[in-house]
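For the protein sequence lines, the chains are A and B, in the order given. Going left to right, the first sequence walks through residues 3 to 355 as my numbering numbers them. Going left to right, the second sequence walks through residues 3 to 355 as my numbering numbers them. We treat Cβ as the ideally placed atom computed from N, Cα and C, and that holds for glycine. All values derive from a computational prediction rather than experimental measurement.
2 protein chains.
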Amino acid sequence: MSSDAAVIPFGACPLPLVDSDEILMGHGSGGRLTAQLVEQLIVPAFRNPALERLDDAALVECDGARLAFTTDSYVVTPIFFRGGDIGELAVNGTINDLAVSGARPLALSLAFILEEGLPISDLRRVIESARTAAARAGVPIVTGDTKVVGRGCADKLFINTSGIGAVPRGLRLGAREVRPGDAILVSGTMGDHGVAILSQRLGLELDGELRSDTAALHELTAIALEAAPGLHAMRDPTRGGLAATLVEIATREGHGIEIDECTIPVSDAVRGACEILGLDPLLVANEGKVVLFVAEEDADALLTALRRHSLGRAAARIGRVTDAHAGVVTVATAIGGERILELPFAEALPRIC
Amino acid sequence: MSSDAAVIPFGACPLPLVDSDEILMGHGSGGRLTAQLVEQLIVPAFRNPALERLDDAALVECDGARLAFTTDSYVVTPIFFRGGDIGELAVNGTINDLAVSGARPLALSLAFILEEGLPISDLRRVIESARTAAARAGVPIVTGDTKVVGRGCADKLFINTSGIGAVPRGLRLGAREVRPGDAILVSGTMGDHGVAILSQRLGLELDGELRSDTAALHELTAIALEAAPGLHAMRDPTRGGLAATLVEIATREGHGIEIDECTIPVSDAVRGACEILGLDPLLVANEGKVVLFVAEEDADALLTALRRHSLGRAAARIGRVTDAHAGVVTVATAIGGERILELPFAEALPRIC
């Protein structure tokens, strides 16, 4: 199934020009256009070691303390969706960027850009939801900002959350630590968030089981760190889904990756919706899942530990890192074939987070 | 001169209802509506000591290190203006929030929300300008994010910059430290940024000397800390101008403040433009100025030290904190009278930063 084929009904341009002189929706999709924009325009301008690693958070030293620092803006539409809303998503998403960096989240910022005319009741609901998510996670929101723009200059409301976390001394974790032979695990089902948003946007009722998986993962990642000394990297597969995470690590670090489609957990509801919508669940965003790269000898212990936590019940081992086929992600398909997993040029799902 | 009178020509609502059930432009203006929104809706939801202080940055402890953490979104229009652009403004503005908290800026994040159709050349120019500003200030941009929304869902581009800084051990600085008897200083002329933006937006050519004062103030604030052990608080008078800073400290901390209009530095160009536009320069945003509250015995030394730095050449002593008239800011006017300085209900200048 081609992801480009799925682009057309949802408003993104299926074949944008690489050398476009304008920003295209695809530049924000998590596909190859996004990678191009970031790697060609942004990273070269701000050249420094922390930014070049392109992990989910940067490492900053301060008076002997090791800090993780991360930022994300949220432009998801609709702002209220089954399983969550933009406020909860913004809090959980930034906690997760810290968590997959191995950091203990310390504090968040929360900055709103509001469109004139937004119902105060909507803002109140989003604030309440961010508050609940932060309280549940035990991470305080310590600083904020509010800007207002005129009607038609924003779409209801956008949120930026940035976060800082404490990184344990001596911890080495990140894409660069991944080694051939590592097992690859996921903490649960793939595609829930993106399919929930998209089905709601399209007014599909389906069977009502489609819900965003938005959740704060810092407890689960702490358990993973504790259970597996050989844990090499964690990523949260958001924009671009599992595919974007795997392709990025394969191409950037020069590894081969082999995964087995049959082992990847996908809920029946998501699988059904993907068939109807012509989507590949591996390309769809998740908001409460983590992908883990771990030394083979620690893989079983890690899987057992993940499954004991409510957010890791459906954890599964899905593949391994190899030293063959550097830069290529190979999928053994359910029907016994093999395909190369590639990033779509411009992914199918704009404004998914 | 009433600031409400100045509202009408520039598109904001002159008399928004307090109990509006929708977001109004005035909610983002730095006036009383903004204060209401923040104090009634946002702060109560996220109750914690760091947020309740409402200083320009929050203080977070990590493994014995004291960190300042701050966030700001930038929605200024136009994105390119005389004296700077949104990229430089976003870098300098967040450095300044750290600087006035007494912190040494360590690292910034940079998150873009881009409108589909934005010329890549505009983005390139903004990135280059942010890069130059960060390099000049010696503060690395270590993490970032890029989102794209469809045409008409944003206005060209918005930026969020968050920042972390190191706060010297033992430093006590902030609105709560201000004492009756403190002298009040400003580091230079008032109103330059806001008047430059507004005159450009209105297509006024005037005499060409109107330029934003955007600048990174961390060197100047470090000099101030060094020169004046009795320095009690620093603020950068951005949205709402000098008036918002003084009124906030007077009302929140229960002090009286007396200032002398004749002593407040305002450039001839800004004064002239304010007369034409019907604006009070005390209500207009600054982006490269600091207001300082200092024990009387250190005031002269501080003024001398500020004036030695290129960003403090026009520094001046403009008034003092009193224990009379708690919560009220009194201005001795140029013509020998006295007026009470009040926040406009909804300030005249939307999207000034």
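Non-local beta-carbon contacts of T191 of chain A in its own chain, meaning distances under 8 Å to residues more than five positions away in sequence, involve D215, P267, V268, S269, V272, K291, A316 in chain order.
Residue-level contact by beta carbon fails for S214 of chain A and chain B, as no gap is shorter than 9 Å. Within the stretch 158-184 of chain B, contact with chain A at the beta-carbon level (separation under 7 Å) is assigned to F160, N162, S164, I166, A168. Per DSSP, reduced to three states, the secondary structure at S75 of chain A is strand. Annotation: the stretch 196-243 of chain B contains the following complete segments of the beta strand (DSSP E) (minimum length 3 residues), in chain order: 233-237. The three-state reading of DSSP puts P352 of chain A in coil, since its state is none of H, G, I, E or B.
In this structure the stretch 276-286 of chain B touches the stretch 181-200 of chain B; the number of beta carbon pairs closer than 8 Å is three or more. Under the Cβ criterion (8 Å, minimum of three pairs), the stretch 230-237 of chain B counts as touching the stretch 295-314 of chain B.
In summary, the residues of the stretch 122-152 of chain B whose CB is separated from some CB of chain A by less than 8 Å are I122, S123, L125, R126, I129, E130, A132, R133, A136, P142, I143, V144, T145, G146, D147, T148, K149, V150, V151, G152, in the order they occur in the chain. Counting other Cβ atoms within 10 Å of its Cβ, R174 of chain A stays below 16 and is therefore classed as exposed. As a beta-bridge residue in DSSP terms, P107 of chain A pairs with A:G167. Interface residue (Cβ-Cβ distance to chain A less than 9 Å): E289 of chain B is not classified as such. Counting only the Cα atoms, E90 of chain B lies some 23 Å from V151 of chain B. For V330 of chain A, there is no enclosing beta strand (DSSP E), as DSSP gives it neither H nor E. Ranked by Cα distance from T96 of chain B, the first of B:V188, B:S164, B:S312, B:A303 is B:S164. In the structure shown, A113 of chain B adopts extended strand secondary structure according to DSSP, grouped into three states. For A226 of chain B, not one C-beta of chain A is nearer than 9 Å to its own C-beta. In this structure, DSSP gives I186 of chain B an extended state, which the three-state scheme calls strand.
Using a C-beta cut-off of 8 Å, the stretch 56-76 of chain A makes contact with the stretch 59-74 of chain B, since at least three inter-stretch Cβ pairs fall below that distance.
By the criterion of a C-beta distance shorter than 7 Å, T73 of chain A is surrounded in its chain by N162, S164, once the five residues flanking it on both sides are discounted. Look at M236 of chain B: its C-beta is not under 9 Å from any C-beta on chain A. As a beta-bridge residue in DSSP terms, I259 of chain A pairs with A:V323, A:V331.
Interface criterion met: the Cβ of T72 of chain B is under 9 Å from a Cβ in chain A.
Of the candidates A:A301, A:I122, A:D262, A:L206, A:A301 places its Cα closest to the Cα of E228 of chain A. Against chain A, the CB of C276 of chain B has no partner CB under 9 Å away; the residue lies outside that interface. Exclusion of the five residues before and after V77 of chain A leaves F160, R353 as the residues of its chain whose Cβ lies within less than 7 Å of its Cβ. Within chain B, the residues whose beta carbon sits less than 9 Å from that of L53 of chain A are P142, I143, V144, T145, G146, listed in sequence order. For S312 of chain A, not one C-beta of chain B is nearer than 9 Å to its own C-beta. The Cβ-Cβ distance between E289 of chain A and G104 of chain A does not fall below 9 Å. Pairing T148 of chain B with V45 of chain A gives a Cβ-Cβ distance that is not under 9 Å. With fewer than 16 other Cβ atoms from the protein chains shown falling within 10 Å of its own Cβ, G140 of chain A counts as exposed. Around M192 of chain A, no beta-carbon contact reaches into chain B at under 9 Å, the shortest distance being about 22 Å. By the neighbour-count criterion, in which 16 or more other beta carbons inside 10 Å mark a residue as buried, A336 of chain A falls on the exposed side. Under the 10 Å beta carbon count, I166 of chain B is surrounded by 16 or more other beta carbons and is classified as buried. In the three-state DSSP reduction, I251 of chain A falls in the helix class (H, G or I).
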